[in-house]
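Scroll down for the structure; my scribbles are underneath it.
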Amino acid sequence: MSDRISLLGSTALAALMLATATPAHAQATDPANAGEGGAAADEIVVTGLRASLENAAAIKRDSGQIQDSIVAEDIGKLPDTNIAETLQRIPGVQISRNTRGEGNAYVVHGLKQVMTTVNGRQLFGTTNRVAQLLDFSSDILSGVDVYKTATADQIEGGLGGLINIHTARPFDFDGFHVALTGSATYSEFQDKAGPRISGIVSNRWQTGIGEIGVLLGAQFERYYSGGYQVSTNSYADVTNLFDVDGDGATGGSGDTVTMPTQVRPRYETGNRVRSGFYGAVQWRPSDALELHLDTIYSHSGGHSYTQQLSVQTDGATTGIDAPVFKDGSRVPAAYSLANPVVKSTVGQADNPYDTINVAFGGKYTADRFTLSAEGSYVRSHGPFYYRSATIQTRAGRADLSLAGDTPDVAVSGVDLTDPDAYGNVSYFEYGTQQDGREPSFRVDASYELDAGPIKTLEAGFRWAHHRAIYDFLSQGGGALTQPYSGINELTPDDLFTDQDVSTNQWVAIQHRFMNNAARTRALFGLLPGDPAPDPGSHYDYRETTLAGYAKAQFGFDIGALPVDGNIGLRYVRTDGEQTVLVEDENGDYQPLTGGKPYENWLPSANIRFQFTPDLFLRLAYSKAITRPDYGNLSPALLLNPISMTASGGNPALVPTKADQYDASLEYYFGKSNYVAVALFRKDVSGFIQKFYADETIDGEVYQVSRPRNSGDGKIKGFEITYQQFFDFLPGVLSGLGIQGNYTYVDSKLGVVGIDRRVPADQLSKHAYNVTGIYEKGPVSLHVSYNWRSRSIQSNNADPDLSVWNAPQESFDISATYNVNNWLSVKADMVNATVAYQNQYYGTPLQPSLANQLDRSYQIGFHVNF
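Residues -26 to -1, 1 to 839 in mature numbering (1 follows the signal peptide of the UniProt record, and there is no 0) are what the sequence shown spells out, letter by letter.
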């Protein structure tokens, strides 16, 4: 699925909503320990946009690593619809958006291989290692840390970095505390608004058995979104439709036309319901001992509905007139075909997702010695279901245009709004059952020394056992049990808001027959229950990891130059075992289990030179690994005999390894102002990318998309960050401020069997964000613009078939007004320009997708006391 990238689209907006928190202070402990332990080590409670930026700069300045953080005392004041969107407030973090504009994926320093934790506990998807943050409301947050360099105590697995999400605990507050957030978000494309409400209540008491604190929170949200698009499938050389060379015949090399075999206008709408519960209990029986119990439950119900018209030019009988080619290529700017097949397909996708995260742990402190331990259990369950129904007709003529970024098709010789013009109703559905679970246990110890360059010694271990289960199911066929005349409807007629297209309305199966699986199956005479899973697609992956580490924090002077940092070594043994079902000679499926252990030694070092109290140089080195996603290891293969394409996993994948080098020069001036320049380089081996290649399956040659290990490669780049408030300006102008960052990333990765290097997936070479800020008195305003250059969406062995994302941009506006010290109101507009997501095959001469993203408006309030 194509993704829409938007960086910092709501950067200041979320910070604006921190304006109702209580005064802040920082605790000077090693921020590196926050990578896995409870709350942030440098916990800062923000009191407004200005204060939040000042505190974020202080955390960055005092960190033992290259990192950026945002920490808030209260849950419920962040306006982002999910945690992925909250991450875009962090410099160097980019998020992707799905075809309806929802933030759903993220990268750090241009890399999507990121370890994500909640309170130091690994967060994952059902059958992949990357957390599905689209399904988590930002209302559970109390802070976010993004670590761009590694330390030995942090969980291994991230090449781009580590993101640690904090949730609140009762001891974070002085006593009784209540926070409530309410808002409504309006989708312009759907003309609907959905509610969002969340709240927490927390208190702490002195009792006869020590101090006890309890925090409870809950949230509910319904979010609507939509998208308009026209797309094509891949381009192919065709010689049998046009007499291009004018020799009176077709079929010769001179008659080659490079054209897509389908052009598809489409409406897409969706809604997502998120609900959740969060509870935390802390008990401090003595000054030396503190225990905690955390529970997070999150439910997300995602639904999307599509109405698509497919003009299948590969079904045309002949071309009409000679095509007009683009820029001397064989790609036509315009062409016409006789008798193309036209299909109207409606699709319904349902993706319920549930996660529970439970942890019990404690910390014991005796003078200079600290011992902490925690056991946790995480489970994610996320089935996926897709149902589609198609009706078909044949047009007399299709006039197609590939001249611009938006493909266009005009159909004549048939009335697409006449239900009687269609026939040949067909049905198909598929789905997956996915489940992931992981118990884990860790122990960490530290001892502070009172003399010498070594300040603290740390050591610990972590055990985890992960299980990922996957099943695939599908069925088709059936016959209508109701008259066709009673189950159809017309689609909308307003495709795109800023341009006209030739075809924007047609007949489709009614939505009410698709939004319920049992009703859909009854319509086609099928049994109401799910079809039986395909045994050949099943896998059960079990992985046990055992890690141990040693780490030292140091500090000394070289002459008058203070130097500090940390150095460490992490060892991890991974034992993975996968069970699949293999068909025997009798047609029965038998379990087959295989796997082998491997181990890795992962050194890390972070050092800081303090040239002046305000000018720092940081240098870092680490060795990192990223294991393949569980789903990518699946032997399952999904074939499409119509397009002769297939997609599947790859059991032969091995972990990606990288040697990582980082440097950061940082200058701080004033209370909230700084400039930083960071350089990074990653020498990568075995980078995993999804690649197309020809494979022979049952005697037929398919274009198969699989994740594959590439050869060696390099990723390098730099990042410039600038933040300043203009206090020196007179009067009301002194409330002006600016945030900006620019990231350059260059990647050259080798691919086994291909004599060329390719860029990493979804990695833009250039990206920048500019945020204008105004904060004076009770008013806070924020305007944000983001742009990123083109990026590869999916690589292909044939570069002409690689899918590229065109340059993308986003523009957002936000405002908050603090009515008093406990109530604030807010309004924001996301994607103010109704931007497009465009893609193309190999070259912009071959447009693939024009997707207009939804614009949304939000109004709301926050109460905090």
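Each residue gets a CB set at the ideal place from its N, CA and C atoms; glycine is no exception.
- Beta-bridge pairing by DSSP links E403 to R361 and Q449.
- Taking the Cα of H485 as reference, the smallest distance to any Cα among I461, V475 and G499 is reached at I461.
- Here the C-alpha atom of V352 lies approximately 37 Å from the C-alpha atom of A650.
- Under DSSP, G550 takes part in a beta bridge, and its partners are E517.
- Secondary structure of I461 (DSSP, three-state): coil.
- Judged by DSSP secondary structure, L97 falls outside any beta strand (DSSP E); it is assigned neither H nor E.
- Assigned with DSSP and collapsed to three states, G510 falls in helix.
- If you compare the alpha carbons of G131, N805, L797 and G816 with that of S758, the shortest gap goes to N805.
- The distance from the Cβ of T91 to that of L115 is about 13 Å, inconsistent with a contact at the 8 Å cut-off.
- Taking a contact as a CB-CB distance under 8 Å, the pair T477 and A384 counts as one, their CB atoms being some 6 Å apart.
- Your pair A312 and I294 checks out as a contact, with CB atoms roughly 6 Å apart and the cut at 8 Å.
- If you draw a 10 Å sphere on the C-beta of A363, you find 16 or more other C-beta atoms in it, and that means buried.
- The straight-line gap separating the alpha-carbon atoms of P602 and R547 is approximately 15 Å.
- With a threshold of 16 other beta carbon atoms within 10 Å, L566 falls short and is exposed.
- In the three-state DSSP reduction, F435 falls in the strand class (E or B).
- Proximity of the region 442 to 456 to the region 502 to 512 meets the contact definition, three or more beta-carbon pairs being nearer than 8 Å.
- Straight across, the Cα-Cα distance linking V678 with A594 is about 40 Å.
- About 6 Å separates the CB atoms of R371 and S310; that is less than 8 Å, so the two are in contact.
- In the structure shown, the three-state DSSP call for I33 is helix.
- By the C-beta criterion, the region 790 to 797 is judged to be in contact with the region 818 to 838, since at least 3 inter-stretch pairs fall below 8 Å.
- DSSP, reduced to helix, strand and coil, places S227 within a helical segment of the structure shown.
- From the listed residues A496, V537, F498 and F435, the smallest Cα separation to P427 is found for V537.
- Using a Cβ distance threshold of 8 Å, A347 and R416 count as a contacting pair.
- Between the C-alpha atoms of R304 and D379 there is a straight-line separation of about 17 Å.
- Contact between the region 115 to 129 and the region 694 to 705 is absent: fewer than 3 CB-CB pairs across the two stretches fall below 8 Å.
- Here E130 is buried: its Cβ has 16 or more other Cβ atoms, across all protein chains shown, within 10 Å.
- Between the region 217 to 230 and the region 254 to 262 there are fewer than three C-beta pairs closer than 8 Å, too few to call the two in contact.
- If you look at L497, you'll find it in the alpha helix (DSSP H) that goes A491 to L497.
- Taking C-beta atoms as the reference points, F692 and L653 count as a pair closer than 8 Å.
- Under the three-state reduction of DSSP output, T287 falls in the helix class.
- Here W796 is not bridged, per DSSP, to any residue.
- Residues P509, G510, H512, Y563, Q564, P565 and L566 of the same chain have their beta carbon placed closer than 8 Å to that of L555, with the five preceding and five following residues left out of the count.
- In this structure, A105 is the residue among Q584, A105 and L501 with its C-alpha nearest to the C-alpha of N138.
- In the DSSP assignment, R486 falls outside any beta strand (DSSP E), carrying neither H nor E.
- A straight-line Cα-Cα distance of about 14 Å links W480 and V315.
- Counted as a single uninterrupted DSSP element, the beta strand (DSSP E) harbouring T206 occupies residues G184 to T206.
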